[in-house]
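In our numbering, the protein residues as written are 385 to 495.
Glycine is no exception: its CB is placed at the ideal position from the N, C-alpha and C atoms.
Here the structure is a predicted model, which means the values were calculated and not measured.
Reviewing the structure listed below.
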Amino acid sequence: MTYVVTENCIKCKFTDCVEVCPVDCFYEGENFLVIHPDECIDCGVCEPECPADAIRPDTEPDLEDWLEINTKFAEIWPNITIKIEQLGDAEEFDGKPGKLALLSEKPGKGD
Ligand code: SF4
Ligand code: F3S
Numbered sequence: 385m386t387y388v389v390t391e392n393c394i395k396c397k398f399t400d401c402v403e404v405c406p407v408d409c410f411y412e413g414e415n416f417l418v419i420h421p422d423e424c425i426d427c428g429v430c431e432p433e434c435p436a437d438a439i440r441p442d443t444e445p446d447l448e449d450w451l452e453i454n455t456k457f458a459e460i461w462p463n464i465t466i467k468i469e470q471l472g473d474a475e476e477f478d479g480k481p482g483k484l485a486l487l488s489e490k491p492g493k494g495d
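Following this line, the structure appears as structure tokens:
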């Protein structure tokens, strides 16, 4: 199994999650983060750290699409291990439905 980042991270990107990961397996896009499924050791410590409640174990139902998205972008986006400033409109977008359509495929800056 692995943990995956899901829809509510999009346009928020609080990045509290990256600070606690013992194996530094988060990868950064322009407005979203993903977890590398082959690197995640399933420790679960990132899940309660996300203010947007966007991190889930893939053992929960209906997460196949998110596992695919995490797998795809973890291969091409840069690694991020240090918290950065949240996106400017993060509070506004926290909890908004339909954010998948806003997912940017562009890479973030990484660290
Ligand atoms: Fe990192 Fe643990 Fe979260 Fe996996 S579950 S991404 S290893 S903190
Ligand atoms: Fe995203 Fe939550 Fe991390 S909003 S960047 S998964 S802390």
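*Within its chain, find whatever has a CB closer than 6 Å to the CB of isoleucine 425; leave out the 5 residues flanking it on each side and keep chain order.*
Position 41 of the sequence shown, counted from the first residue, corresponds to residue 425. Taken in chain order, the residues that qualify are Val407.
_As an exercise, report each continuous beta strand (DSSP E) stretch of at least 3 residues that is fully enclosed by the region 404-433, in chain order._
410-412, 417-419
*glutamate 476 to glutamate 469, Cα distance in whole Å?*
Walking along the sequence shown from the start, residue 476 turns up at place 92. Walking along the sequence shown from the start, residue 469 turns up at place 85. The straight-line gap from Cα to Cα measures roughly 15 Å.
*Quick one: what does DSSP say isoleucine 394 is sitting in, helix, strand or coil?*
On the sequence shown, residue 394 is found 10 positions in, with the first residue counted as 1. Three-state DSSP puts isoleucine 394 in coil, outside helix and strand.
*asked:* In whole angstroms, give me the CA-to-CA distance for glycine 482 and lysine 397.
replied: Mapped onto the sequence shown, residue 482 falls at position 98. Mapped onto the sequence shown, residue 397 falls at position 13. Spanning the two alpha carbons is a distance of roughly 16 Å.
_I need the residues with a C-beta less than 7 Å from some heavy atom of ligand 1; please give them in chain order._
Thr386, Tyr387, Cys401, Val404, Cys405, Pro406, Val407, Cys409, Phe410, Ile419, Cys424, Ile425, Asp426, Cys427, Gly428, Val429, Cys430, Glu431, Ile439
_Since leucine 451 and valine 402 should fall inside the 8 Å C-beta cutoff, what is the C-beta to C-beta distance between them, to a whole number of angstroms?_
In the sequence shown, residue 451 corresponds to position 67, counting from 1. In the sequence shown, residue 402 corresponds to position 18, counting from 1. That belief does not hold up - the Cβ atoms of leucine 451 and valine 402 are roughly 19 Å apart, past 8 Å.
*Just to confirm, does alanine 345 get its C-beta within under 6 Å of one of the non-hydrogen atoms of ligand 2?*
In the structure as shown, the chain starts at 385 and stops at 495, and residue 345 therefore has no counterpart that could be examined.
*Would you kindly check if the distance between the Cβ of proline 491 and the Cβ of tryptophan 461 is under 7 Å?*
Residue numbering aside, residue 461 sits at position 77 when the sequence shown is read from its first letter. Residue numbering aside, residue 491 sits at position 107 when the sequence shown is read from its first letter. Contact: yes.
*Could you tell me the distance, in whole angstroms, from the CA atom of glutamate 448 to the CA atom of threonine 455?*
For the purposes of this step, residue 448 is taken as the residue at position 64 of the sequence shown. For the purposes of this step, residue 455 is taken as the residue at position 71 of the sequence shown. Taking the straight line from one Cα to the other gives about 11 Å.
*Please report how far the alpha carbon of alanine 485 lies from the alpha carbon of aspartate 478, in whole angstroms.*
Sequence index remark: in the sequence shown, residue 485 carries index 101 (1-based). Sequence index remark: in the sequence shown, residue 478 carries index 94 (1-based). Near 15 Å, if we compare the C-alpha coordinates of aspartate 478 and alanine 485.
*Grab me the residues of cysteine 405's own chain with a C-beta within less than 6 Å of its C-beta, minus the 5 sequence neighbours each way, in chain order.*
Residue 405 sits at position 21 when you count from the first residue of the sequence shown. Cys430.
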